[in-house]
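Number of protein chains: 2
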Amino acid sequence: MNRPGLRERKKIETLHRLQEEALRLFDEHGYDATTIEQIAEAAGVSPSTFYRYFPTKEDVVVQDEYDPLIVNVFESQSADDAPLDALRAVLSVLFAEFTDADIERVRRRVRMIFAVPALRARQVQQTVATEELLARMVAERTGRSPGDLEIRHFTALIVTSWTVAISAWAETDGGKDDLAATMDRCLAHLEAGAPL
Amino acid sequence: MNRPGLRERKKIETLHRLQEEALRLFDEHGYDATTIEQIAEAAGVSPSTFYRYFPTKEDVVVQDEYDPLIVNVFESQSADDAPLDALRAVLSVLFAEFTDADIERVRRRVRMIFAVPALRARQVQQTVATEELLARMVAERTGRSPGDLEIRHFTALIVTSWTVAISAWAETDGGKDDLAATMDRCLAHLEAGAPL
DNA sequence: CTGTCATTTGACAGTAGCTATCAGAATTTC
DNA sequence: GAAATTCTGATAGCTACTGTCAAATGACAG
C-alpha cells in the first residue's frame, strides 16, 4: 500500500550519493585529506545534511544493514542444529543473495576499512553490536544467559573468525565463492581448536 | 652508568600524574565531559605538554607497555611447546610479576575502556599491533609466513580470547588468580573448538 | 488547485580534539 | 660557568561534530 513517496526516494538517493562520492574522494585524495565539506559539496548538499545521514565521518564507509538480516536468517534455522552450524548456514544464505556488484562494493569498503585505522576502530563498535546480537540469539537457543562467559567467548570468536576471513578475502580479487570458502576454512579451523 | 637523571625522573613523574589525574577526572565527571585542558591543569602542565606525552586523549587510558614484555617472555619459552601452550605460559609469567596495586590499576582501566566506546575503539588499534606481533613470533616458530591465513586466524583468536577473559574478570572484584583462571578457562574453551 | 501541516534542509555560531611553530626556560655536558 | 640539547608554554589554525532557527519542500485534505 505504502508507495515509496518522492520524499523517501530522494532521501535514499542522497544517502547513496553521499556514500559514493565519499568513497571516490577517499580513494582519490585519501581519507584524512578529505573533509566533510568536500563530500557534501560533491553530493550537492550542505555539511549539515551530511550529519543528518551519518553520525560520523567514519560511518559513511562503515555503516551497513546486515544485522537485521542475520537475525532473520538465524531464526529461520532449525533449532536442532548446533549454534556454529546455524551460523555457517546464515552466511551461505546471505551470500547467495549478493550480486557481483554487491560483492565488489563490499570488497572496496573492506579494503578501505582495513587500510584506515580510524575506520577500523569505528568498525569495531559495530562489530560489538553484532556480537551482542549473536550472544542474545545463541543464549536463547541454548537456554543460557547472554552474559555467560562461554556464550560471550563463543560469539566473540565467531565474529573474529568472520573478520579474519573477510579481511583475507578482500586482499584477493576472488568472487563470492572464494569469500564463502575462506569463511568455511576459518570456521573449520576454529571448530578444530585452532591447531597449528 | 646512565643514571636516571633529573630530567628523566621528571618526565616519568609528569606522565604518571597526567594518567592519574585523567582517570580521576573521567571517573568523576565522565570521559566526554572532561577536556584535555582540565586534565592538563589538574596535572600542572599546559595542554601542549599533554599532547607531547599522549598522541590522543584516549591514549592516556589505553596506552600500556606490555608488548615488549610479551616478546621477551615468549622468546624465552622452549621452542618445543605448541604455540598455544607457550602463550599460556607467557601469561603466567607476566601475571606473577603483578603487584596488587598493578592489578587494581588494570581493573580500573579495563572497566573504563569497556564502558567508553571511544576508548574501546582505540584499544583495538593497540590490539591489532599486538596481534601482528604475535603473528610474527608464532610464524617464525612454526616456520610459516606471518601472512598465512591460519597464523592470522590463530593469533586473532588468541587475542580475542584474552580480551573476553579480561573484560569478564574486570566486571568482578577478583584478584590476579581469578584473572589467570579466567584466561585459562577461555583458552581451554578455544582449544576445544568453542563447544556449547 | 490551494492552504495547511510535517519533514527536510541550509546557515550560523560554538565547542573541543589535534597539529604546527617558535621563543624562552630548564637540564645536561664539557 | 658557557654552550648545546631538550622540554615547555603560548599562540594560531584546521576540522570533526553539536545545537538552534528560519526557509524550503513534499504530503495531504478539502
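Respectively, the protein sequence lines represent chains A and B. For the first sequence, my numbering assigns the number 50 to the initial residue and increments by one for each residue that follows. For the second sequence, my numbering assigns the number 50 to the initial residue and increments by one for each residue that follows. Using N, Cα and C, we set each Cβ at its ideal position, and we do this for glycine too.
Could you tell me the alpha carbon to alpha carbon distance between residue i and residue j, rounded to whole angstroms?
i, j, result
"Ala-150 (chain B)", "Asp-227 (chain B)", "15 angstroms"
"Val-142 (chain B)", "Asp-129 (chain B)", "18 angstroms"
"Pro-53 (chain A)", "Leu-118 (chain A)", "21 angstroms"
"Ala-71 (chain B)", "Val-208 (chain A)", "33 angstroms"
"Gly-79 (chain A)", "Asp-113 (chain A)", "21 angstroms"
"Thr-231 (chain A)", "Asn-121 (chain A)", "23 angstroms"
"Arg-145 (chain B)", "Leu-206 (chain A)", "Inspection of the sequence shows that residue 145 (chain B) is occupied by Ala rather than by Arg. Rounded to the nearest angstrom, the two C-alpha atoms are 27 angstroms apart."
"Arg-234 (chain B)", "Glu-124 (chain A)", "29 angstroms"
"Thr-38 (chain B)", "His-238 (chain A)", "Nothing about residue 38 (chain B) can be read from this structure; chain B reaches only from 50 to 245."
"Arg-190 (chain B)", "Ala-243 (chain A)", "16 angstroms"
"Gly-223 (chain B)", "Val-139 (chain B)", "21 angstroms"
"Met-50 (chain B)", "Ala-178 (chain B)", "Residue confidence for Met-50 (chain B) is low, a pLDDT of 42 falling below 50, so the modelled location carries little weight and cannot support an answer."
"Val-110 (chain A)", "Glu-180 (chain A)", "20 angstroms"
"Met-161 (chain A)", "Arg-58 (chain B)", "42 angstroms"
"Gln-126 (chain A)", "Phe-147 (chain A)", "19 angstroms"
"Pro-7 (chain A)", "Ile-88 (chain A)", "No statement about residue 7 (chain A) is possible, as the shown extent of chain A runs from 50 to 245 and does not include it."
"Gly-192 (chain A)", "Leu-182 (chain A)", "15 angstroms"
"Leu-198 (chain A)", "Asp-81 (chain B)", "30 angstroms"
"Ala-188 (chain B)", "Leu-136 (chain B)", "13 angstroms"
"Asp-76 (chain B)", "Ala-164 (chain B)", "11 angstroms"
"Phe-103 (chain B)", "Glu-69 (chain B)", "13 angstroms"
"Asp-116 (chain A)", "Thr-176 (chain A)", "10 angstroms"
"Tyr-100 (chain B)", "Ile-85 (chain A)", "25 angstroms"
"Leu-67 (chain B)", "Trp-211 (chain B)", "28 angstroms"
"Leu-64 (chain B)", "Thr-105 (chain A)", "31 angstroms"
"Trp-218 (chain A)", "Ala-241 (chain B)", "26 angstroms"
"Thr-98 (chain A)", "Thr-221 (chain B)", "44 angstroms"
"Val-159 (chain A)", "Gly-196 (chain A)", "30 angstroms"
"Ile-215 (chain A)", "Ala-184 (chain A)", "21 angstroms"
"Glu-90 (chain B)", "Lys-225 (chain B)", "34 angstroms"
"Ile-61 (chain A)", "Pro-166 (chain A)", "28 angstroms"
"Val-94 (chain B)", "Val-155 (chain A)", "46 angstroms"
"Val-213 (chain B)", "Asp-108 (chain B)", "21 angstroms"
"Leu-245 (chain A)", "Ala-229 (chain B)", "24 angstroms"
"Asp-134 (chain B)", "Thr-83 (chain A)", "46 angstroms"
"His-202 (chain B)", "Leu-74 (chain B)", "39 angstroms"
"Leu-236 (chain B)", "Arg-56 (chain B)", "43 angstroms"
"Ile-200 (chain A)", "Pro-96 (chain A)", "42 angstroms"
With respect to the alpha helix (DSSP H) encompassing residue i, which residues constitute its N-terminal and C-terminal limits?
i, result
"Val-94 (chain A)", "Careful: Val-94 (chain A) lies outside any alpha helix (DSSP H) and carries neither H nor E."
"Leu-68 (chain B)", "In the sequence on display, residue 68 (chain B) carries Gln and not Leu. Residues 55-78."
"Pro-132 (chain B)", "132-145"
"Phe-123 (chain B)", "115-124"
"Lys-106 (chain B)", "Neither: Lys-106 (chain B) is in no alpha helix (DSSP H) and is coded neither H nor E."
"Leu-239 (chain A)", "225-240"
| task | Please list the segments of the alpha helix (DSSP H) lying wholly inside the segment 143-212 of chain A, counting only runs of 4 or more residues, in order along the chain. | result | 149-164, 166-191
| field | Contact the segment 164-178 of chain B vs the segment 169-185 of chain A: 3+ CB pairs below 8 angstroms | value | yes
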